[in-house]
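A.B. asks: Handing you a structure now.
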Amino acid sequence: MMTFDRNRIAYDETILKHFVSATLTLAVYQYFLTWEYESRRIWNLRMSYMKFVLIANRYLPIITSIIFTAVAFTPYTPRSCRSVVFVFEFSVFSNIFISAVILTARLYILWIDNRTLRLILLLTLISLSLVSIIVLAIAPNLNGNVSDDPGIMPIAECINVRPLTWLPLILFLSGEFVFMILMLPKLLVLASWDREAQPYRALARALISDGMFYYAYSISITILNVILLFQSPQRAIALGLVCLDCVLHSVVIMHLSMHLQQFTRFHGVRLCISSSTQEQTS
1 MMTFDRNRIA YDETILKHFV SATLTLAVYQ YFLTWEYESR RIWNLRMSYM
51 KFVLIANRYL PIITSIIFTA VAFTPYTPRS CRSVVFVFEF SVFSNIFISA
101 VILTARLYIL WIDNRTLRLI LLLTLISLSL VSIIVLAIAP NLNGNVSDDP
151 GIMPIAECIN VRPLTWLPLI LFLSGEFVFM ILMLPKLLVL ASWDREAQPY
201 RALARALISD GMFYYAYSIS ITILNVILLF QSPQRAIALG LVCLDCVLHS
251 VVIMHLSMHL QQFTRFHGVR LCISSSTQEQ TS
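Residue numbers (full-length UniProt numbering): 1 to 282.
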């Protein structure tokens, strides 16, 4: 039988409530901050998979913030942990998937003239998707502590940590390293462009520089989350960071997608994942 320290429960709840409150505030703020972008840019796009992805990335922060808030503020018993685990992980992995699609599209445009690298990018995205689906399917049976104690338990203990459960997070981190390495050559190529291509160069520099900044941030915070998740005393902080990081990913990627659309409009490339549907004009 598991027993839980009431002081520990109160501490975990306080930590998570502060994190999810900040997360919800950030999600609402960025929604209204980018409202003009949505009305003028996203809804005017031609119907495509990427339009759906951008709309999903637009509204996922608010939806997941509400879910995280419900998880943090709703009391539950050990027997309800399996449901909590599934809802929490589904919210996290949904944000990871949408972010991965947009990041893949960015690099897909940059390497549009290299079929091999485009294939690598698509295989990376497909691998992340399949692993996430498999893990989500078996997560309820792997996690969720069941106790004979009818009382409440801290969420940090409810959302137990097993390496297999967070495999998509590790895979996403590995993909970030690969994407960052693939972006470095483009950063070097910028130096060789002449001044006649200044408008194109400015857009490409913004695209690449923003991408490098994002990868540096994403890799750092993901490594920190992974380390803290496997340390039980710090797990409440880690879960709070995961909640906040999910929304920050969507916020940052929303702003990066603005530059991506500028790049594709200037370069004459329609934003689609499938190479058979891409069009390039001179």
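Think of the CB as a built atom: it goes at the ideal place given N, C-alpha and C, for glycine as much as any other residue.
No experiment lies behind these values; they were computed from the predicted model shown.
Tell me whether I219 sits in a helix, a strand or coil according to DSSP, three-state version.
C.D. replies: helix
A.B. asks: Measuring CA to CA, which of T104, R79, I133 and N225 is closest to E176?
C.D. replies: With distances taken between Cα atoms, E176 lies closest to T104.
A.B. asks: Shortest alpha-carbon distance to F73 belongs to which of I208, I181 and T14?
C.D. replies: T14
A.B. asks: Counting C-beta neighbours from all protein chains within 10 Å, is the total for P61 16 or more, i.e. buried, or is it exposed?
C.D. replies: Result: buried.
A.B. asks: Count the other CB atoms, across all protein chains shown, that sit within 10 Å of the CB of H18; report buried if there are 16 or more and exposed otherwise.
C.D. replies: exposed
A.B. asks: Quick one: what's got a C-beta closer than 7 Å to V92's C-beta in the same chain, skipping five residues either side?
C.D. replies: V242 and C246
A.B. asks: Which residue marks the beginning of the alpha helix (DSSP H) containing M50, and which one marks its end?
C.D. replies: Y49 to F73
A.B. asks: Assuming the contact rule is C-beta atoms closer than 8 Å, I102 and V53 should be a hit. Round their C-beta distance to whole Å, please.
C.D. replies: Yes, I102 and V53 are in contact; Cβ-Cβ is about 6 Å, under 8 Å.
A.B. asks: For F90, which residues from the same chain have a beta carbon less than 7 Å from its beta carbon, with the 5 sequence-adjacent residues on both sides left out?
C.D. replies: The answer, listed in chain order, is L136.
A.B. asks: Within 10 angstroms of its Cβ, does T25 collect 16 or more other Cβ (buried), or is it exposed?
C.D. replies: exposed
A.B. asks: If you compare alpha carbons, which of L128, T222, S80 and D210 is closest to M183?
C.D. replies: D210
A.B. asks: Taking all protein chains shown into account, do 16 or more other C-beta atoms lie within 10 angstroms of the C-beta of M50, making it buried, or fewer, making it exposed?
C.D. replies: buried
A.B. asks: Determine the burial state of L130: buried for a count of at least 16 other Cβ atoms within 10 Å of its Cβ, exposed for fewer.
C.D. replies: Around the beta carbon of L130, fewer than 16 other beta carbons lie within 10 angstroms, which makes this residue exposed.
A.B. asks: Does S48 have its Cβ less than 9 Å from a Cβ in chain D?
C.D. replies: Judged by its chain identifiers, the structure shown contains no chain D, having just a single protein chain.
A.B. asks: Are the Cβ atoms of V87 and I55 separated by less than 9 Å?
C.D. replies: no
A.B. asks: Roughly how many angstroms lie between the CA atoms of Y59 and T23, to the nearest whole one?
C.D. replies: Answer to the nearest angstrom: the Cα atoms are 14 Å apart.
A.B. asks: Would M258 pass as a contact of A216 if the rule is Cβ separation under 9 Å?
C.D. replies: no
A.B. asks: Which residues bound the alpha helix (DSSP H) around N95?
C.D. replies: Here the alpha helix (DSSP H) through N95 covers C81 to L110.
A.B. asks: Among L121, T64, V71 and Y108, whose alpha-carbon lies nearest the alpha-carbon of N95?
C.D. replies: T64
A.B. asks: Thinking C-beta only, is L121 closer than 9 Å to F97?
C.D. replies: no
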